[in-house]
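Worksheet: one structure, shown below.
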Amino acid sequence: MKILLTGGAGYIGSHTCVEIVQAGHDAVIADDLSNSKPAVLERLKELTGKDIPFYQIDVADKEKVDEMFAKEHFDAVIHFAGYKAVGESVTKPLMYYRNNIDTALTLLEVMEKYDVNNFVFSSSATVYGVPETVPLVEGMKTGCTNPYGWTKLMIEQILTDASAANKNLSVVLLRYFNPIGAHPSGRIGEDPNGIPNNLLPYITQVAIGKLPQLGVFGNDYPTHDGTGVRDYIHVVDLAKGHVKAIEYADEHKGTEVFNLGTGTGYSVLDIVNAFEKANDLKIPYVIKPRRSGDVAEMYADPKKAKEVLNWVAEKNLVDMCQDSWRWQSNNPKGYDE
Ligand code: UD1
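Quick note, in the working numbering, the sequence shown goes up one by one and the last residue is 359.
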């Protein structure tokens, strides 16, 4: 298949690009580079042995998207492009709704025009809101706590409605838990702008000496050590889930939703300890107040992805910690070397 990856220069998109090519498909990237660097394209060439066609465009720009579709004859789209900072979405909700919803609508309209009928969407476990029970199963109640999360849930709804109306359209919604780690080569990884919001990039920047210490947001949650529990998944496992999802979409009509997680929850302090042990390093930390909007515990029931997609996460926490550190230590300034 020839697959368009919107946001393919980003963290999850770039890792998915490698797996897509390794599975024998052709990848094309569309990315405006607003939150990624052009150097990733060189690294992708190095890892895949292929020049990945690249369009530096805003996926909400219908004219440019139309031109690209006219030229490329895609079989499928994996849609990663979007704003993703939770805190920023609270202060700039209109920017989030405009950008994230617009890009999805533009893609759907252009796909319909060119009769492209396979769509995989990068959704998030954030659509479960504040969970009543864990593990989280796909059919459970959804609802969000911030505009970023609502854009994910609204796009899930738009895609579900579009595939109900267009019987040719196949949609797979992937709800990611917490992707961490990096490609084992150490050549591609997560390169956030500014001070990281997420736990692993924060830890690796403390380890490299860029940040003095980690703040642990709350130690009074009802969890085994009081710190928040999440389902961390290696980004390469997550990327492989996209290959299964796009191949599934090609063979089935309608909409399906899958959790992509390991099914195991680790606390913040479990992660700190595992990272120290896996890499023989010390991560200084202090306990801080809870971060607003955080929940105590979230982890997936990954059974459906196993049964239907024949996908399971294969890498363990040691792999995730070692690969995160290899990326950071080999690229202290990310892609800005
Ligand atoms: C966050 C987003 C989620 C998004 C996901 C994408 C929030 C509230 N949620 O998930 O919507 O889909 O990222 O990757 O932002 N922690 C610390 N210190 C830090 C950073 C994090 O203690 O400096 C803790 C958090 O309190 C949490 C855990 O580490 O318990 C994981 O945090 P994070 O990596 O930000 O992910 P989520 O909050 O689960």
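Beta carbons: idealized from backbone N, C-alpha and C, even for Gly.
Should Lys106 be counted as a contact of the ligand ATP given a C-beta to heavy atom distance under 8 Å?
With respect to the ligand ATP, the structure offers nothing, as its ligand set consists of the ligand UD1.
I need the boundaries of the alpha helix (DSSP H) containing Asn295, first residue and last residue.
Annotation for Asn295: the continuous alpha helix (DSSP H) segment containing it runs Val290 to Asn301.
CA-to-CA distance, Thr249 to Val193, given in whole angstroms
Answer to the nearest angstrom: the Cα atoms are 36 Å apart.
Check the DSSP bridge columns for Asp48 and list the partner residues they point to.
As computed with DSSP, Asp48 is found in a beta bridge with Lys24.
Using the C-alpha atoms, what's the distance from Leu222 back to Val10?
The structure shown does not extend to residue 10, since the chain spans only 23 to 359, so no value can be given for it.
Nearest-angstrom Cα distance between Ser185 and Lys275?
Those two C-alpha atoms are separated by around 8 Å.
Which same chain residues end up closer than 8 Å to Asn190 when comparing Cβ atoms and leaving out the 5 residues on each side of it in sequence?
Taken in chain order, the residues that qualify are Asp137, Asn139 and Lys275.
Beta bridge counterpart(s) of Ile255 as assigned by DSSP:
Its beta-bridge partners are Pro201.
Cα separation between Asp358 and Ala61?
Rounded to whole angstroms, the separation of the alpha carbons of Ala61 and Asp358 is 8 Å.
Measure the alpha-carbon distance for Tyr254 versus Leu66 and round it to whole angstroms.
Just so you know, the alpha carbons of Tyr254 and Leu66 end up roughly 24 Å apart.
Using CA coordinates, which residue listed in Phe102, Asp97, Val40 and Leu195 is at the minimum distance from Leu55?
Nearest to Leu55 by alpha-carbon distance, out of Phe102, Asp97, Val40 and Leu195, is Phe102.
Status (buried if at least 16 other CB within 10 Å, exposed otherwise) for Gly203:
Label assigned to Gly203: buried.
In chain order, which alpha helix (DSSP H) runs of at least 4 residues are fully inside the stretch 53–83?
Within the stretch 53–83, the complete alpha helix (DSSP H) runs of at least 4 residues are 61–70.
Measuring from the CB of Gly250, is there a heavy atom of the ligand UD1 at a distance below 8 Å?
Yes, the beta carbon of Gly250 sits closer than 8 Å to at least one heavy atom of the ligand UD1.
Backbone CA spacing between Gly171 and Asp124 [nearest angstrom]:
Distance between the alpha carbons of Gly171 and Asp124: 15 Å.
Rounded C-alpha distance that separates Ala31 from Val142
Straight-line measurement puts the Cα of Val142 at about 17 Å from the Cα of Ala31.
Any chance the stretch 295–311 sits against the stretch 261–276, with 3 or more Cβ pairs inside 8 Å?
Too few Cβ pairs lie closer than 8 Å, so no.
Spell out whether any CB of chain C is found under 9 Å from the CB atom of Leu27.
Looking at the structure shown, chain C is missing, and only one protein chain is on hand.
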